[in-house]
Amino acid sequence: MMVKHIVMWKIQGINGLSKEEVATNIKSELEALNGQIEGLLSLEVGIDFLHSDSSYDVVLYSELESKEALDFYQSHPLHVQVATNTVKPAATSRIVVDYEI
Numbered sequence: 002m003m004v005k006h007i008v009m010w011k012i013q014g015i016n017g018l019s020k021e022e023v024a025t026n027i028k029s030e031l032e033a034l035n036g037q038i039e040g041l042l043s044l045e046v047g048i049d050f051l052h053s054d055s056s057y058d059v060v061l062y063s064e065l066e067s068k069e070a071l072d073f074y075q076s077h078p079l080h081v082q083v084a085t086n087t088v089k090p091a092a093t094s095r096i097v098v099d100y101e102i
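Listed below in structure tokens is the structure:
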């Protein structure tokens, strides 16, 4: 069964970059994973424009071939590199949902 993997983050500016610059970097680095990881069918990243108190700043929406493909994606060195170097240092909160369709 295909899997949808959705993650949302609240982020902060880091290393002299504004929150908006960090969000743009997260978007470009994550979207660069498209076509690079076997089993990852599609991945898109959105940046919130509303900026309400209840809004999250960045959302990742991805579709993968299977649960096994999700496991492979999450441990893949390209994904780990982006998560470790770009996302985690800026993230102040993270929520995720994974479901099969």
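Here the working numbering is used: the first residue of the sequence shown is 2, the next is one more, and so on.
Each residue gets a CB set at the ideal place from its N, CA and C atoms; glycine is no exception.
Since the structure is predicted, the reported quantities are computational estimates derived from the model, not experimental observations.
Residue i - DSSP class collapsed to helix/strand/coil
i: L61; result: strand
i: H6; result: strand
Assumed close pair residue i, residue j - CB separation to whole angstroms, cut-off 8 Å
i: E30; j: T87; result: 5 Å
Spatially closest choice to residue i from the options, by CA coordinates
i: L61; options: M3, I7, M2; result: I7
i: V59; options: N16, G47, L79, L51; result: G47
i: K5; options: L65, F73, D72; result: L65
i: K28; options: S63, S53, M2; result: S63
i: F73; options: G17, L51, E39, V98; result: E39
i: G36; options: Y57, H77, K68; result: H77
i: F50; options: Q75, A24, E32; result: A24
i: L34; options: V81, S56, H52; result: V81
| message | Under 8 Å: do the segment 88–98 and the segment 7–16 share three or more Cβ pairs, one atom per stretch? | response | yes
| What runs of the alpha helix (DSSP H), each 4 residues or longer, lie entirely inside the segment 25–85? | 68–76, 78–83
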